[in-house]
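Asks: From first to last, the protein sequence lines stand for chains A and B. Here this note's numbering runs 34 ahead of the position in the first sequence, where the first position is 1. Here this note's numbering runs 34 ahead of the position in the second sequence, where the first position is 1. Think of the CB as a built atom: it goes at the ideal place given N, C-alpha and C, for glycine as much as any other residue. This structure is a prediction, so every number in the text was calculated from the model and none was measured. Questions regarding the structure given below will be posed in turn.
Protein chains: 2
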Amino acid sequence: AQEDLLLAAAYVSDAQYNRNVPFETSPRAIRLYYFYNHWTMQVAIYFFICVDLSLALFEEPALFPLPFLATSIAEVLCLTAFFGRLVHFAKVTPQMVFWKDMKNICIMVTIVLTLIDLIIYGSLEAVNIHSVRWSRALRPVFLINFPESRQIRRTFRSIRNTLPDILYVFLLFMFSVLIFSLMALKLFGDRGLQTVEGLPYFTNILEIAFELYVLVTTANSPDVMMPAYNFNWWYSLYFITYIIINTYIFMSVFLAVVYNNYRKHLKNEIRKLAYLKRHKMIEAFNILKVKVGTEFVVTEARWKRLARIVMPHISSPHLELLLRISDEGQKGHVDKMNFLRLADLLNIQVVTINIKRHPLEEWMPRVYQSSASLLVQRMVRHRIFVWVYDVIILINAIFIALDEKNPFISYAEWLFLSLYIIEILLKLYTYEPRAYFGKKQFWNWFDTLIIMAALVATVANTTIQSARKYNSQQILDIVLILRILRLLRIIVSIQRFRLIVTTLINIGPTILTFGGLVLVVYYVFAIIGMEAFHGKIRFFDPNFTTPDALVCGNPALKDSAFARDRYCKNNFNDLASSLIVLMELTVVNQWHILAGGFALVTHQAAKLYFLSFHVVVVILIVNIFIAFILEAFFVAY
Amino acid sequence: AQEDLLLAAAYVSDAQYNRNVPFETSPRAIRLYYFYNHWTMQVAIYFFICVDLSLALFEEPALFPLPFLATSIAEVLCLTAFFGRLVHFAKVTPQMVFWKDMKNICIMVTIVLTLIDLIIYGSLEAVNIHSVRWSRALRPVFLINFPESRQIRRTFRSIRNTLPDILYVFLLFMFSVLIFSLMALKLFGDRGLQTVEGLPYFTNILEIAFELYVLVTTANSPDVMMPAYNFNWWYSLYFITYIIINTYIFMSVFLAVVYNNYRKHLKNEIRKLAYLKRHKMIEAFNILKVKVGTEFVVTEARWKRLARIVMPHISSPHLELLLRISDEGQKGHVDKMNFLRLADLLNIQVVTINIKRHPLEEWMPRVYQSSASLLVQRMVRHRIFVWVYDVIILINAIFIALDEKNPFISYAEWLFLSLYIIEILLKLYTYEPRAYFGKKQFWNWFDTLIIMAALVATVANTTIQSARKYNSQQILDIVLILRILRLLRIIVSIQRFRLIVTTLINIGPTILTFGGLVLVVYYVFAIIGMEAFHGKIRFFDPNFTTPDALVCGNPALKDSAFARDRYCKNNFNDLASSLIVLMELTVVNQWHILAGGFALVTHQAAKLYFLSFHVVVVILIVNIFIAFILEAFFVAY
Ligand code: NA
């Protein structure tokens, strides 16, 4: 019976967390499955994924160089952990299912490929031949394919489903760009026009197509139009037509197609998840059911034991509450319909309304209930208290904006800090502390953390200052940022602002999923970029004005827009720099200058790297992000 | 009875065209109302609106200068026409309604203000004092407020309804920008950093706020970040945070709020329109009803006379068809339910399926039905015929891309032109011409017009060339564009492409409404811009390299990015140039350079003009445009 309960609890738990892993039902497999789902295992696997991904920081081209031996040993360790996790999974799931699941095949192939790459690279390195560590671009496979990354996989699936529709729009769009390129070549090619840099204007169809693609991203507007426009007023009509059709209409159509598929896909996923959840709950019910009268039910005792296995830390009142809901008629058993609701019931966060008294009241009731104390409490609860502190924040804002070298102002900082600390203490005196720091009290947490951090940092800074007679720049920066973040509190005072911010905070977790998705794509592009471009462009201190520094250490950049705009630090010489370049490419502006610079120091084909990044990140992922924000706001408003 | 019929027909007609003008029901008022709605009157009023708006082309600063007397006489004429239209409307509508309608008040006030402005400006001009023609910015009032511009007014209403929601998000967004500005001032202000141009970096809070606002539009990314990033790697995190919160999240929230309101508003409008339509049809029914048995109906004869008044050019079969639908039981009368459907029935375009024979078949049946003729027809109808022409188009595309100075290629052009003409002739021989040029046959029309135009232009060009021994550049350009547009035909061959293009063509009319809306906003901003900035920046031929030409004729622009990028032609010196500058501002890229240039030649406050343009056009109107495209594609897909 205990084994039946464990199996049923595994089904319920899977339903509760939307896990969809088929597992064997032998007692040993179930125990292994519990171990597989244990949080320590999950944390461990995420730790190894993080280590594996962050190896790129230490490998050539490195931000913090480590010898190849060290990084390769770390990588082999990670691979072992991944393999161990996979073996564990293989023991849990039926063999047939295991070998049919693409995720497992992917992980295994990646492990093997990485090992091969490590061996080849290592042996070549031993004889001093430098080769390419291509398998590093495969590392995100581990992040995507472990069962824990359901959310990221779901978004990838959504993108994959969108691809056919997007593809046709993209082809039509490219066709339109080509037609316009041909037109531009014929209209402007023979005019002998020149760009601002004195280069020939629109004479080569490939260059024209690239420029017009850039115009779709608006990055070279209006410069690309100026030579033709200067030549003849009427030619601006060509560019206006192009911008309306390609920049406005096509880009909106991309968003429309992505959004439409996103919604369709979301609906399907939710329907499928609901179906699977119900299915698992029925399995659990069938294991535990007994016949009472004409219907099958689960007895109260069994139901309680099940709930305690699924949620070991559930409190007794919480369990009683759930039972009261599930067994409305108090018949001593739970019927099928109510049993199926259990997974959802467990997911509901029960806020235990705090009827507990304030600790101070229990500790010294006389003092806490004295008239002076009650007056303080009434004062703190009053609306004027909030207003007074809003005014204090505004005055504080003005003080921050003023020059802080004035000693009077830096003393005022201490005053404000004490005022904020007093506010928190007064509130903790008035409100029950456990309620004040409840799970949903975002702003109380925010306030207290900001103030405590500011206090610690300010004290630390003062100590360092008086001891070593110098300011630590990092600590000063942190103190400053904390000081300004305090001003955010003003948002809470305005109802409409709070509504918007709450919506944004609520979609926070899903934005993190996007973070994962973006990380995967960025990582792959960063590795490719580092292999292709590292060392080609170097950064010199901005005060250097040697000829070498002015062309980022590469004579090919002479007279280029890249060097003129001093973009030398936008290079692929380590992971951090690469990610920042990719972020700049995502923002799109000036991406053609960056692409042009890297094409000059390597080959014109390098522009393909930047074009594909634009298609993947801006046309697909950013549009999915926008679609997601739109959907979230439609639900909230 | 005739008067009753006229009144009822007026109601039906209003329901058919969604007109919502309350009119008096006296016979004279009804006759005036018919006259008011006559298409000649509508064309006339649009003609005068166009003349009034285009006056800005001829007034100082003018594209085609005309004396003040000429333009003012034209303007007074237009005002008279508008006033006449208003008087006409006053005689049609009940007095109470007329004076309560804001639209009429708006028009009258604008007429009076314009007259006052004309008189003041004229008298000052007479004594040689130059003043401002401020009333020109009011001209779009006429375009918006006449009952014919329902669509534009609806979009404006939609924007107005969105404003409260947008305002709160905007305030929160501005608050966020200010907080970040304060942070930037504190973090970077004292570092002694410099921009690429050698100017101090982030030392003034107002300048920082402007730069950060520009960063939201992405126009100064990554330049705004580079000095801090060059100084210290970690400061890039500040900018990344800023971009994620303000550029990505807030801008998406703006789109979400606009889109959400747009949808809500659209639903309400449609519901209201349906209600009003039904109401008018009931009015019409009540006028015409007679009692037959227990129910009120409209007799067949009356119904027919009504339909003939509403649609004078309706064909007899069409009328019979409508009657058959409305009087299903053939009882000789139309009941209430069927009568109410009339307005919608009249709006349905009846495509008379063509069972007519080909004219050639009627004219010479023997020849047309001969086996050779039938073979030709079968050939044309065959799929291979389409494929052959697809291949011809592709070959044509290659020939166009090649250099046309080769005489062989220019002869080939004639060959292609003849092949296309033969194709059209063959199709006209095979298909019934009236069916071929049916209303819905967009691509047949497109094909034929392009080919005919190319034929005319090519012949014209050849004639000019052989007669005067020189090429007309304009005609050559047109021939070229037509030649390339022919390639668009390839779209028709691919089903998925056709679907996308059809959706785009179907939303064409509504995009025109947007054109009207954009025109109104652009016009107002252009007039203000011309008054504020005309003559400050001048354009010199790009080959000029005199010091004056290099600073666009204004020494204040020395060393500015505006002059360095050679943006001299982006000025407000006439209406056309102004509209093009506004278009560039809508595309957003480099708008801060444009704003900076105009601020340098006038005052820093000029940036407010560009900021407000961004808020109105990009945040509001472009987002409504995107919302509209999204909605259209959701309905189509
Ligand atoms: Na841009």
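(1) List the whole-angstrom C-beta distance separating B/I141 from B/L120, where the pair is believed to meet the contact cut-off of C-beta under 8 Å.
(2) Would you grab the beta carbon distance between A/Y70 and A/F117 for me? Rounded to a whole angstrom, and I think it's under 8 Å.
(3) Name the residue from B/R468, B/E457, B/L483, B/I426 whose alpha carbon lies nearest to the alpha carbon of B/A446.
(4) Would you please state the rounded distance, in angstroms, between the beta carbons of B/V211 and B/A243? I believe it to be under 8 Å.
(5) Run through the DSSP bridge pairs and tell me what A/Q508 is partnered with.
(6) Anything in the segment 220–236 of chain B with a Cβ closer than 8 Å to a Cβ of chain A? List those residues in chain order, please.
(7) Can you pull the DSSP bridge partners for A/Q228?
(8) Which residues mark the beginning and the end of the alpha helix (DSSP H) in which A/V635 is found?
(9) At a CB distance below 7 Å, what residues from the segment 61–74 of chain B approach chain A? Give them in sequence order.
(10) Where are the alpha helix (DSSP H) runs, 4 residues long or more, that stay fully inside the segment 196–283 of chain B, in chain order?
(11) Do we get a CB-CB distance below 8 Å when we pair B/V291 with the residues of chain A?
(12) Is A/N623 near the ligand NA - that is, is its Cβ less than 7 Å away from at least one heavy atom of it?
(13) Just to confirm before moving on: does the CB-CB distance between A/V621 and B/I277 stay below 8 Å?
(14) Quick one: what does DSSP say A/D593 is sitting in, helix, strand or coil?
(15) What is the residue span of the beta strand (DSSP E) that B/H367 lies within?
(16) Hey, is B/A435 close to the ligand NA, as in C-beta under 7 Å from one of its heavy atoms?
(17) Can you tell me whether B/W625 is buried or exposed, with buried defined as 16 or more other CB within 10 angstroms of its CB?
(18) Do A/A595 and the ligand NA come close, with the Cβ less than 7 Å from some heavy atom?
(19) CA-CA distance, A/K323 and A/K365?
(20) Nearer than 7 Å: is that true of the beta carbon of A/T252 relative to any heavy atom of the ligand NA?
(21) How big is the Cα-Cα spacing for B/N577 and A/L553?
(22) Buried or exposed, going by whether 16 or more other CB atoms sit within 10 Å of the CB of A/M217?
(23) Give the straight-line distance between the Cα atoms of A/A63 and A/F57, rounded to the nearest whole angstrom.
(24) Within 10 angstroms of its Cβ, does A/C602 collect 16 or more other Cβ (buried), or is it exposed?
(25) With a 10 Å radius around its C-beta and 16 neighbouring C-beta atoms as the bar for buried, classify A/R358 as buried or exposed.
(26) Going along chain A, which residues have a C-beta under 8 Å from B/Y202?
(27) Are the C-beta atoms of B/S405 and some chain A residue less than 8 Å apart?
(28) Taking only beta-carbon atoms, is A/L216 less than 8 Å away from chain B?
(29) Per the DSSP calculation, B/T333 is bridged to which residue(s)?
(30) Run through chain A and tell me which residues come within less than 7 Å of B/W267, C-beta to C-beta.
(31) Just to confirm, is the Cβ distance from B/V250 to B/T281 under 8 Å?
(32) What are the start and end residues of the alpha helix (DSSP H) that includes A/V554?
(33) Note down the Cα distance separating B/S559 from B/K301, rounded to an integer number of angstroms.
(34) My assumption, with CB atoms under 8 Å, is that B/I343 sits in contact with B/L533. Please give the rounded CB distance.
(35) Note down, one range per segment and in chain order, each alpha helix (DSSP H) of at least 4 residues found wholly within the segment 101–152 of chain A.
(36) I'd like to check one pair, B/V166 with B/E457: are the Cβ atoms closer than 8 Å?
Replies: Taking the structure as given:
(1) Confirmed, about 6 Å.
(2) The pair is not a contact, with the Cβ atoms about 15 Å apart (cut-off 8 Å).
(3) Closest option to B/A446, judged by alpha-carbon separation, among B/R468, B/E457, B/L483, B/I426: B/I426.
(4) By a beta-carbon distance limit of 8 Å, B/V211 contacts B/A243. Their separation comes to about 6 Å.
(5) A/Q508 is not bridged to any residue.
(6) Legend: CB atoms of the segment 220–236 of chain B lying less than 8 Å from CB atoms of chain A belong to residues K220, L221, Q228, V230.
(7) Residue pairing by DSSP puts A/Q228 in a beta bridge opposite A/P234.
(8) That run of the alpha helix (DSSP H) goes 625–635.
(9) For the segment 61–74 of chain B, no residue has a beta-carbon sitting nearer than 7 Å to a beta-carbon of chain A.
(10) Fully enclosed alpha helix (DSSP H) runs of 4 or longer: 239–250, 260–265, 270–276.
(11) Closer than 8 Å to some Cβ of chain A, the Cβ of B/V291 qualifies, so yes.
(12) True, at least one ligand heavy atom lies under 7 Å from that Cβ.
(13) At a Cβ-Cβ threshold of 8 Å, A/V621 and B/I277 count as neighbours.
(14) Residue state, collapsed to three classes: coil.
(15) It spans 367–369 - the beta strand (DSSP E) in which B/H367 sits, taken as one unbroken run.
(16) Short note on B/A435: C-beta not closer than 7 Å to any heavy atom of the ligand NA.
(17) Note on B/W625: 16 or more other CB atoms within 10 angstroms of its CB, so buried under the neighbour-count rule.
(18) A/A595: no, Cβ never under 7 Å from the ligand NA.
(19) Approximately 15 Å, taken between the alpha carbons.
(20) For the ligand NA, at least one heavy atom lies less than 7 Å from the Cβ of A/T252.
(21) Going by the C-alpha atoms only, they are around 49 Å apart.
(22) A/M217 should be labelled buried.
(23) The straight-line gap from Cα to Cα measures roughly 7 Å.
(24) Around the beta carbon of A/C602, 16 or more other beta carbons lie within 10 angstroms, which makes this residue buried.
(25) Within 10 angstroms of the beta-carbon of A/R358 lie fewer than 16 other beta-carbons, which makes it exposed.
(26) Within 8 Å Cβ-Cβ: R530, F531, I534.
(27) Taking CB atoms only, B/S405 has no neighbour in chain A less than 8 Å away.
(28) For A/L216, the answer is yes, since a Cβ of chain B falls inside 8 Å of its Cβ.
(29) B/H367.
(30) Neighbours of B/W267 in chain A, taken as residues at a C-beta separation under 7 Å, are given in chain order as A610.
(31) Yes. Within cutoff.
(32) Here the alpha helix (DSSP H) through A/V554 covers 542–567.
(33) It is worth fixing the name first, because residue 559 of chain B is Phe in this sequence and not Ser. Note on geometry: alpha-carbon atoms of B/F559 and B/K301 lie some 31 Å from one another.
(34) At roughly 40 Å, the Cβ-Cβ gap does not stay under 8 Å, so B/I343 and B/L533 are not in contact.
(35) Runs found: 102–126, 129–134.
(36) A distance of 8 Å or more separates the beta carbons of B/E457 and B/V166.
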